[in-house]
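Inspection log for the structure reproduced underneath, given as structure tokens.
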Amino acid sequence: MQLNIKNLKVSYGNIKALHGIDFTVEAGEILTIIGANGAGKSTTLRAISRMVPSDPGSVLEFEGKNILKYSADKVVSSLGISHVPEGRRIFGNLTVTENLTLACFARKDKDQINKDKKWVFDLFPRLEERKDQFAGTLSGGEQQMLAVGRGYLSARKIMLLDEPSMGLAPILMIEMFDALKEINKIGTTILLVEQNARLALKFARRGYVIENGSFVLQGPATELLNNPDVKKAYLGA
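Counting in my numbering, the sequence shown runs from 1352 upward without gaps.
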């Protein structure tokens, strides 16, 4: 396994956000965590990327290494874990090209960086068209493309994606998930948290359902799509 999470607990003061969740992610797979707002999806990703502290007893391992020994910046530069957060959080006062260049700050492989930038522009042609445009003037869909491209350039072993469909028109959602499939095809593992359960489960190979900080269901994505409880709670059926 590439990512191994055991007994992950996170607290915000006296509030327990995660109650000891366990899951694994295999190299090269697409795994999704679905659930309602406030269920603990984003907190799970933030704990893995070291943006929030985990409670004592939590085990987070990536390729056999203890994630808890790494600071947030080293999770990216040393382990190869990138995090595309909810809300994009691009640098609006920098151009598209400058945002992408900044994502490579810890990389030394200049030739590969240039190849990867070209690949991102091939994946998202609209970004190349707007490469000299300030990121803050892009549409919401284009900003999401930039956020994903930036995440890919910063670290390519595994991408943690937080609500990549949020605020996108249906056609842009499909384009975004098609792009993520291409990223996965070239070897990047994807861990996706998503409120659009139907879209996420059609995209992923396996899935987990989280409620109130605990996993309540897990299994192949196709099985979860057909699960009566999942249909009733998350698929509008």
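The C-beta atom is built at its ideal place from N, Cα and C for all residues, glycine as well. Computed from a predicted model, the values in this text were never measured in an experiment.
Under 8 Å between C-beta atoms of residue i and residue j
i: Ala-1387; j: Val-1361; result: no
i: Ala-1551; j: Ile-1385; result: yes
i: Ser-1405; j: Leu-1451; result: no
i: Thr-1448; j: Lys-1469; result: no
i: Thr-1383; j: Ala-1584; result: no
i: Glu-1562; j: Ala-1390; result: yes
i: Ser-1400; j: Val-1426; result: yes
Residues near residue i by beta carbon distance below 6 Å, same chain, minus five either side
i: Asp-1467; result: Leu-1504
i: Thr-1375; result: Met-1352, Asn-1355
i: Glu-1412; result: Asn-1355
i: Asp-1373; result: Lys-1357
i: Met-1318; result: What is shown of the chain runs 1352 to 1588, which leaves residue 1318 out entirely.
i: Gly-1371; result: Asn-1358, Lys-1360
i: Val-1581; result: Leu-1575
Sequence-distant residues of the same chain with beta carbon closer than 8 Å to residue i, five excluded per side
i: Ser-1429; result: Tyr-1421
i: Val-1301; result: Outside the displayed range of the chain (1352 to 1588) lies residue 1301, so it cannot be described from this structure.
i: Leu-1445; result: Leu-1453, Phe-1485, Ala-1486
i: Ile-1464; result: Cys-1455, Arg-1458, Leu-1504
Nearest-angstrom Cβ-Cβ length linking residue i and residue j, presumed shorter than 8 Å
i: Gly-1438; j: Gly-1487; result: Incorrect: roughly 13 Å between the Cβ atoms, too far for contact.
i: Leu-1474; j: Glu-1545; result: About 20 Å; that fails the 8 Å criterion.
i: Leu-1586; j: Ile-1381; result: In fact, because the Cβ distance is near 19 Å, the residues do not count as touching under 8 Å.
Which listed residue (the options) has its alpha carbon closest to that of residue i
i: Arg-1557; options: Gly-1564, Ser-1565, Ile-1541; result: Ile-1541
i: Lys-1508; options: Gln-1484, Ile-1537, Gly-1491; result: Ile-1537
i: Asn-1535; options: Gly-1379, Ala-1457, Ile-1464, Arg-1401; result: Gly-1379
i: Asp-1460; options: Ala-1506, Ile-1366, Gly-1491; result: Ala-1506
i: Ile-1418; options: Lys-1357, Glu-1493, Asp-1529, Gln-1484; result: Lys-1357
i: Pro-1476; options: Gly-1587, Gln-1494, Ala-1457; result: Gln-1494
i: Val-1403; options: Ala-1368, Leu-1576, Ile-1464, Asp-1373; result: Ala-1368
i: Leu-1519; options: Ser-1490, Leu-1531, Asp-1529; result: Ser-1490
i: Pro-1571; options: Ala-1423, Asn-1465, Tyr-1559; result: Tyr-1559
Beta-carbon proximity list for residue i, same chain, < 7 Å, skipping 5 on both sides
i: Glu-1414; result: Gln-1353
i: Glu-1377; result: Met-1352, Gln-1353
i: Ala-1457; result: Val-1427, Ser-1428
i: Phe-1472; result: Leu-1478, Glu-1479
i: Lys-1416; result: Leu-1430
Exercise. Please confirm if the segment 1515 to 1532 is in contact with the segment 1547 to 1562, defined as three or more CB-CB distances below 8 Å between the two stretches.
Key: These segments touch.
Quiz item: How about the segment 1567 to 1575 and the segment 1400 to 1418: do they share at least three Cβ pairs that are nearer than 8 Å?
Solution: Short answer: they don't touch.
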